[in-house]
Structures are given as structure tokens and as C-alpha cells.
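Peer 1: My structure is below; once you've seen it, I'll send some questions.
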Amino acid sequence: MLRFPIRWEMTEDDSKKSQYTSKLRLNDKWEVEIVCISKNIEYDRNLDQSIKICREVTSEELLVTGTLSLERYGKAVSTQEFSKLMKPGSSFILTNFSHAHRNFGEPKLVYYLPIYSLSGVVYVAYSQDFHPYIQPKSLVQLSNDLGRLLDPQTSYLADVTLKCGSTSIPAHKLILSARSPVFAAMFSNPMKENHENQVDIADVDASVLRAVVIYIYTGKTPNLTVSSASKLLFTADKYQLLDLKRVCCDFLKKNVSVQNILRILILGDMHAEDMKSFALDYICNQFPQFSVLENTEEWKTLRKERPALAMDVLTSLVKSRDQKSNDTHPRNPVQEAAHQCFDIFKKMEHRKFGNNKF
Numbered sequence: 117m118l119r120f121p122i123r124w125e126m127t128e129d130d131s132k133k134s135q136y137t138s139k140l141r142l143n144d145k146w147e148v149e150i151v152c153i154s155k156n157i158e159y160d161r162n163l164d165q166s167i168k169i170c171r172e173v174t175s176e177e178l179l180v181t182g183t184l185s186l187e188r189y190g191k192a193v194s195t196q197e198f199s200k201l202m203k204p205g206s207s208f209i210l211t212n213f214s215h216a217h218r219n220f221g222e223p224k225l226v227y228y229l230p231i232y233s234l235s236g237v238v239y240v241a242y243s244q245d246f247h248p249y250i251q252p253k254s255l256v257q258l259s260n261d262l263g264r265l266l267d268p269q270t271s272y273l274a275d276v277t278l279k280c281g282s283t284s285i286p287a288h289k290l291i292l293s294a295r296s297p298v299f300a301a302m303f304s305n306p307m308k309e310n311h312e313n314q315v316d317i318a319d320v321d322a323s324v325l326r327a328v329v330i331y332i333y334t335g336k337t338p339n340l341t342v343s344s345a346s347k348l349l350f351t352a353d354k355y356q357l358l359d360l361k362r363v364c365c366d367f368l369k370k371n372v373s374v375q376n377i378l379r380i381l382i383l384g385d386m387h388a389e390d391m392k393s394f395a396l397d398y399i400c401n402q403f404p405q406f407s408v409l410e411n412t413e414e415w416k417t418l419r420k421e422r423p424a425l426a427m428d429v430l431t432s433l434v435k436s437r438d439q440k441s442n443d444t445h446p447r448n449p450v451q452e453a454a455h456q457c458f459d460i461f462k463k464m465e466h467r468k469f470g471n472n473k474f
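So that you can map any letter, position 230 of the sequence shown is 346 in the working numbering, and since no number is skipped, the others follow by simple counting.
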């Protein structure tokens, strides 16, 4: 766990109209930024302050907690305690000092930003540090109790049936709605499913639907495989189950290989942009020689069925190769101009191949 004690006399780093910021570097990765936004530049009573705790984009979940006190002439005018998760792919968390200066009535408060200071402490916990705290025994018990609602003995309490082929799964509208915005919209409007208390699901295997329902009730994804995670990702995206999407993407990233990377790339292109970026980076690192990839059956299928995505791969490989070459031998102005022309050509080709086969 990281601990950052803070004692900071603020300065005006950015004097854009109606917005003033001040930044404090904590270490080579982390910084704190205070942003003052005035809806009325003449008077501070409409001034809002927010604290951004920033870092480079993280690939793992972090828990950021702490207490910060905004002081004026050494006297605390607002104190904020916070505890927020920084999700994978995020670069900051935000907490607000809501209308901290409403009662001062000084004109143009933002011009006196240096008289303010920030003190307190910020803690950053990595996943192995905070999981015991955000998943206590009581939440495990809650998960188990909700899972028992799916037992056949309690099916009489269900008020809706999920129908998938010959498989019927009794469920509860309230729980489905709380977990999925798609189900919430379905059951809060005069739709057929809400009236007949049955949802017909035709594009999902029964085993996958059952796994999704178990996740909705318990938050558990037992016995994941690359195949099942791929199918779950499709359904999670369809029903906007964002945390299940994250679980599936994390599992696929951890189980990536040269054999399945193009399949993961396609899934990312369809359902999760961050996984697509991950797959492109993996390809650039694992296939420095395109001929190795070019001769695989998976690549030939990708070129035929998804030419625009294949062009994304080619573009990423070329840029990666150029970047490595430029790091070793920087381009002269003539080479730089040629490279820019090549980029323009690639964009034109991308539009062309987006509608045509290779």
C-alpha cells in the first residue's frame, strides 16, 4: 500500500477563463490536481472545487482512500473523506468539495488561489491489499443467500421465466433489473416480456444463459475457460453487465496465446475496445515478423471475413516497427515527410478495405 502525506500551498497553473487548476506531483506516477470551476467569474458563491487524483492509465483495479482538508489562511474550510475504486483502464478518480466557499462572498476568489492550501493523506491499495476489505464474509454470505433463490425449492417465488430453447430458468424481475439496465428497461415498460412474464432468448446457449444468471445473482463465474469466457462476453455486452465484461476480458487477457490472439482481437473489436488494444499490442510484440502471422489459417480467415480489422493489425505492425526503428535511428525531415504520406495512404486504404475484400 502506498501512503502520500499532503501539505500543499496551491498555485495557479492554469488561468483559463472560468477554470483554475493547481497540480502537485506526488511521485513519478501519481499527482493531485485541484480544479476550480466558476459559473459566475465575478463571485465565488458559484464556485465548485474538485480534486483529481491522477496517474498513468492503470491495468489493474486500485482502491484510493484518504482525507483531504481545504484550508484558507491555515483554517480548514472543507474536509472531504473519500474511498473510490480506480478501474482498469482509468487514469484518475474525482472527488468534490461542493460549494466550499459559498459563505465567503469575496469577489473573484479564483485570483487568490495561492492563499489556499490542501492537507491530509492519500492511500493507494492494490488489489491484493484491498480485496479482503471489499469482500468480507458478510458479502460472501449474501452472495450465497441470493444464489439459493435459484434453487428449484424456491422457484415459486419467481415472477419471470427466462426461456432458452427447451430450457426454462425461473428468475426475479427486481434482481434482474437491479443488475442489468437492459432488463430494467424491459420490465419498467409495457413490453411483451413484462406483460407475459417470460423472456425468450434465442441467441445464447442455455449453458451460457445459466452461467449469466448465476453471475447476476451471486457475482460468481465458476469454471471459466477461454471458450466460455468468450461466450459470456457476448451476453454480458448484450445485457450491459459491465463487471462481467471486465471479468471475462481479464480472464482472456491472462490466457492469451499466439494460437488464440486473433480470436481475442475479434472479440475485442466486437465488445471491448480496451481488449482490442491489448490484442493489437500483443500481436506487435509477438509477431515482429509479419510472415509468421501471415501464414496462419486464422489470419487468412480474418482477411477474408474482417478486412477492416485485418488492416488495423497491419497498421499497428507498421507503426510498431517504425517506432522501434525511430527509437534506434531517428528519422530525418525527408523520412518524416514520407512517413506522414504513408499514414495518409493507410487511412485511405483502411476506408477502401472497410467495404471491400483484400
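Yeah, the Cβ is synthetic: ideal placement off N, Cα and C, and Gly gets one too.
Because the structure is a prediction, the values reported are computed rather than measured.
Quick one, which of T431, F403 and S199 has its alpha-carbon nearest N212's?
Peer 2: That would be S199, whose Cα lies nearest to the Cα of N212.
Peer 1: Measuring alpha carbon to alpha carbon, tell me which residue in G190, S194 and E177 is nearest G205.
Peer 2: Minimum Cα distance to G205 is reached at E177.
Peer 1: Based on DSSP bridge pairs, tell me the residues matched to C280.
Peer 2: Paired residue(s): T283.
Peer 1: Exposed or buried, which one is G384 when buried takes at least 16 other CB atoms within 10 Å?
Peer 2: Burial call: buried.
Peer 1: Can you give me the start and stop residues for the alpha helix (DSSP H) that S346 sits inside?
Peer 2: Residues V342 to K354.
Peer 1: Taking the continuous alpha helix (DSSP H) assigned at Y398, which residues delimit it?
Peer 2: E389 to Q402 is the extent of the alpha helix (DSSP H) around Y398.
Peer 1: Between which two residues does the alpha helix (DSSP H) harbouring I332 extend?
Peer 2: First-last of the alpha helix (DSSP H) with I332: A322 to T334.
Peer 1: Taking DSSP's pairing of strands, which residues face E312 in a bridge?
Peer 2: Partner(s): none; E312 has no beta bridge.
Peer 1: To the nearest angstrom, report how far apart I291 and T351 are at their CA atoms.
Peer 2: Looking at the two C-alpha atoms, the distance is approximately 17 Å.
Peer 1: Please report how far the alpha carbon of S271 lies from the alpha carbon of L210, in whole angstroms.
Peer 2: Going by the C-alpha atoms only, they are around 43 Å apart.
Peer 1: In the structure shown, what three-state DSSP assignment does Y189 receive?
Peer 2: Y189 falls in the coil class under three-state DSSP.
Peer 1: May I ask you to list the residues that DSSP assigns as paired with S235?
Peer 2: Bridge partners of S235: R123 and S185.
Peer 1: Can you tell me the Cβ-Cβ gap for V329 and A287, rounded? I've got them flagged as a contact below 8 Å.
Peer 2: 6 Å between Cβ atoms; contact.
Peer 1: Rounding to the nearest angstrom, what Cα-Cα distance links T127 and L396 in this structure?
Peer 2: Going by the C-alpha atoms only, they are around 41 Å apart.
Peer 1: Thinking just about the alpha-carbon of each residue, which of I317, L142 and L349 is nearest to the one in Y239?
Peer 2: Among I317, L142 and L349, the Cα nearest to that of Y239 is on L142.
Peer 1: Using the three-state DSSP reduction, which class does R422 fall into: helix, strand or coil?
Peer 2: Note: R422 maps to coil in three-state DSSP.
Peer 1: Using the three-state DSSP reduction, which class does L292 fall into: helix, strand or coil?
Peer 2: Note: L292 maps to helix in three-state DSSP.
Peer 1: Give the C-beta separation of E187 and S259 to the nearest angstrom, bearing in mind that I take them to be a contact with Cβ-Cβ under 8 Å.
Peer 2: So it is not a contact: roughly 43 Å between Cβ atoms.
Peer 1: How big is the Cα-Cα spacing for V342 and S166?
Peer 2: Straight-line Cα distance between these residues: approximately 42 Å.
Peer 1: Just the C-alpha distance for N162 and T181, rounded to the nearest angstrom, thanks.
Peer 2: In this prediction, N162 scores a pLDDT of 42, lower than 50, which makes its location untrustworthy; no coordinate-derived value is stated.
Peer 1: In three-state terms, what does DSSP make of K416?
Peer 2: Reduced to three states, the DSSP call for K416 is helix.
Peer 1: For L340, collect the residues of the same chain with a Cβ closer than 6 Å to its Cβ; drop the 5 residues on either side in sequence, then sort them by chain order.
Peer 2: Here the set comprises F367.
Peer 1: Look up G221 in the DSSP assignment and say whether it is helix, strand or coil.
Peer 2: For G221, the predicted structure reports a pLDDT of 40, less than 50, and the residue's modelled location is therefore unreliable. A value from the coordinates is still provided. Residue state, collapsed to three classes: coil.
Peer 1: Express the C-alpha separation of D261 and I285 in angstroms, rounding to a whole number.
Peer 2: Distance between the alpha carbons of I285 and D261 is about 18 Å.
Peer 1: Where R419 and E410 are concerned, what is the direct C-alpha to C-alpha distance, given to the nearest angstrom?
Peer 2: So the alpha carbons of these two residues sit roughly 10 Å apart.
Peer 1: Taking buried to mean at least 16 other C-beta atoms within 10 Å of its own C-beta, is Y189 buried or exposed?
Peer 2: When all chains shown are included, Y189 counts as exposed.
Peer 1: Taking all protein chains shown into account, do 16 or more other C-beta atoms lie within 10 angstroms of the C-beta of V237, making it buried, or fewer, making it exposed?
Peer 2: Exposed, since its Cβ has fewer than 16 Cβ neighbours within 10 Å.
Peer 1: With burial defined as no fewer than 16 other Cβ atoms inside 10 Å of the residue's Cβ, what is the status of M117: buried or exposed?
Peer 2: Exposed is the call here.
Peer 1: Using C-beta distances below 7 Å, list every residue in its chain close to K203, excluding the 5 sequence neighbours before and after it, in chain order.
Peer 2: Same-chain partners within the cutoff: E177.
Peer 1: Which term fits K191, buried or exposed, when burial requires 16 or more other beta carbons within 10 angstroms of its beta carbon?
Peer 2: Classification of K191: exposed, given that the 10 Å Cβ count is below 16.
Peer 1: Have a look at A241 and R119 and give me their C-alpha separation to the nearest angstrom.
Peer 2: In a straight line, the C-alpha of A241 is about 9 Å away from that of R119.
Peer 1: Which residues in the same chain have their Cβ closer than 6 Å to the Cβ of T195, if we skip the five residues on either side of it in sequence?
Peer 2: S185.
Peer 1: Please state the DSSP three-state secondary structure of M541.
Peer 2: Lying before the first or after the last residue shown, residue 541 is absent from the chain, which here runs from 117 to 474.
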